[in-house]
Amino acid sequence: MKITLSVIKADIGSIGGHICPSQRLIETVKSYVAEHGADLLIDSYVSHTGDDIAILMTHTHGTGHEGIHQLAWKAFVAGTKVAKGQGLYGAGQDLLKDAFSGNVRGMGPAVAEMEFEERPNEPFLFFAADKTDPGAYNLPLYLTFADPMNTPGLILAPSMAKGFKFAIMDVNYTEGDRMIELNAPEELYEIATLLRDPERYVIESIWSRSTGEQAVVVSTSRLHNIAGKYTGKDDPVMLVRVQKNFPATGEVLAPYALGPYVAGCMRGSHQMPLMPVSLNSGISYFDGPTVVSCAAFCVHEGKLTEAVDSFAHPFWNTVRDKVANKAIEIRRQGFFGAAMLPMTELEYTGIMEKLAVLDKRFEIRSESEAKQKEVGVALV
Ligand code: F6R
Ligand code: MG
Ligand code: MG
Numbered sequence: 206m207k208i209t210l211s212v213i214k215a216d217i218g219s220i221g222g223h224i225c226p227s228q229r230l231i232e233t234v235k236s237y238v239a240e241h242g243a244d245l246l247i248d249s250y251v252s253h254t255g256d257d258i259a260i261l262m263t264h265t266h267g268t269g270h271e272g273i274h275q276l277a278w279k280a281f282v283a284g285t286k287v288a289k290g291q292g293l294y295g296a297g298q299d300l301l302k303d304a305f306s307g308n309v310r311g312m313g314p315a316v317a318e319m320e321f322e323e324r325p326n327e328p329f330l331f332f333a334a335d336k337t338d339p340g341a342y343n344l345p346l347y348l349t350f351a352d353p354m355n356t357p358g359l360i361l362a363p364s365m366a367k368g369f370k371f372a373i374m375d376v377n378y379t380e381g382d383r384m385i386e387l388n389a390p391e392e393l394y395e396i397a398t399l400l401r402d403p404e405r406y407v408i409e410s411i412w413s414r415s416t417g418e419q420a421v422v423v424s425t426s427r428l429h430n431i432a433g434k435y436t437g438k439d440d441p442v443m444l445v446r447v448q449k450n451f452p453a454t455g456e457v458l459a460p461y462a463l464g465p466y467v468a469g470c471m472r473g474s475h476q477m478p479l480m481p482v483s484l485n486s487g488i489s490y491f492d493g494p495t496v497v498s499c500a501a502f503c504v505h506e507g508k509l510t511e512a513v514d515s516f517a518h519p520f521w522n523t524v525r526d527k528v529a530n531k532a533i534e535i536r537r538q539g540f541f542g543a544a545m546l547p548m549t550e551l552e553y554t555g556i557m558e559k560l561a562v563l564d565k566r567f568e569i570r571s572e573s574e575a576k577q578k579e580v581g582v583a584l585v
């Protein structure tokens, strides 16, 4: 049976700043989807990570289906009403357009969708990250799908011997989807060359070269490209099919033990380590740290099992401690150097405005003044 997994997520308001949505808000979205999705969906799962609510849906209508997108959009509109009624902060923040126009792409919410022929056993992982952008998944995905140091399956499992194809998007290009496809292992250096710049080049999907099947889809929207200004970080979602022809769950989860530095956190403008957290976790230190959750499922004829919280295992407590220490350490250097993002990635305009004023105060020294200085220096 061919099924589609669609995950659509948005920040439509939260308690105490950008911490987490209210229970009433989550319940509103959940009951809207249950009530209005009965004829469209096979199953659904509503959760939150930080201040973002994600609706995971299973159905048979393929990707980009208007009815599915409209259902999610309307659920977020219904939620926004409740958020406004409760005085939640940033109510309706990610709903950037007034009217729905066929597809939520380019309207604010993030989307990741995949259609595939369901295997008799179909395990998959649903990741959601908050206070960061879609490039945050670049390194974990590279390690999982291209590096036998992380993924023994690449050398042990004959079904993975041909490697994987990476579809990578240049997210700075706003006229359309600017894409490149690169094959691992032959083009490892080319893949690494792009992935080292996660603000510009983002993995959109990964495909098995043995079977042609899709393994991964990542939401690649960049909110500031849509709105033309800061509206919140992009907070990406991702679906990963696992086992058999794909990496095992443990090979997909392992790279998150690194706690790599990624863009985001406070005012969307810093570098902070990515902390793997439990499902439905909020945000705290320095409006972060940047977090990622992972719900593991099996799906059969579109029906989902209960979600298993992949980062709840005691193993990840040590990782969280390490990530907290990395976060505190980089915060010690405040605005300086690598702690804050480069100019082009700052999500607020204050620095640009100050620079514009300061720019007018710079003066070019005349040649004679410069000579005098040189002589002065020489005499000293
Ligand atoms: C980061 C984020 C927060 C806000 C910060 C200030 O993605 O959402 O760090 O940028 O709390 O929020 P405003 O500007 O809404 O007061
Ligand atoms: Mg927010
Ligand atoms: Mg968020």
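Under the working numbering, think of the first position of the sequence shown as 206, with each following residue one higher. Every residue, glycine too, gets a C-beta built ideally from N, C-alpha and C.
Contact between the stretch 484-496 and the stretch 355-363 is defined here as three or more beta-carbon pairs at a separation below 8 Å; is this criterion met? The stretch 484-496 vs the stretch 355-363: no contact.
In three-state terms, what does DSSP make of N522? Per DSSP, reduced to three states, the secondary structure at N522 is helical.
So R472 and E552 are supposed to be a Cβ contact under 8 Å. How far apart are they, rounded? 6 Å
For H518, count neighbouring Cβ atoms within 10 angstroms of its own Cβ and tell me buried if that reaches 16, exposed if not. Counting of Cβ neighbours within 10 angstroms places H518 among the exposed residues, the total staying below 16.
For H241, which of K279, R229, V212 has the nearest alpha-carbon? K279
Mind checking who C499 pairs with in its DSSP beta bridge? F332
I'd like the list of long-range same chain contacts for G469, defined as Cβ closer than 6 Å, with 5 residues on each side in sequence excluded. K336, T337, K438, T495
State the beta-bridge partners of L261 as determined by DSSP. V212, Y250
Give the list of continuous alpha helix (DSSP H) stretches no shorter than 4 residues that lie fully inside the stretch 327-396. 343-351, 358-361
Rounded to whole angstroms, how far is the Cβ of L230 from the Cβ of G284, which I believe are closer than 8 Å? 5 Å
Take I672 as the anchor and find which of L344, M354, N355 has the nearest alpha-carbon. Only positions 206 to 585 of the chain appear in this structure, which leaves residue 672 out of reach.
Inter-stretch contact (C-beta, 8 Å, three-pair minimum) for the stretch 499-507 and the stretch 561-578: no
Please confirm whether E322 and S211 have their CB atoms less than 8 Å apart. no
Inside the stretch 423-491 only - alpha helix (DSSP H) runs reaching at least 4 residues: 428-432, 454-458
Cutting at 6 Å between CB atoms, please list the residues of its own chain near K235, excluding the five before and the five after it. V251
Neighbour-count burial assignment, D216, 16 or more Cβ in a 10 Å radius: buried
Using a Cβ-based criterion (distance less than 7 Å to any ligand heavy atom), does M471 qualify as near ligand 1? yes
Assuming L346 contacts I408 under a Cβ cut-off of 8 Å, what Cβ separation, rounded to an integer in Å, is found between them? 5 Å
Close-in-space but distant-in-sequence residues of the same chain around T379 (CB under 6 Å, 5 per side omitted): N430
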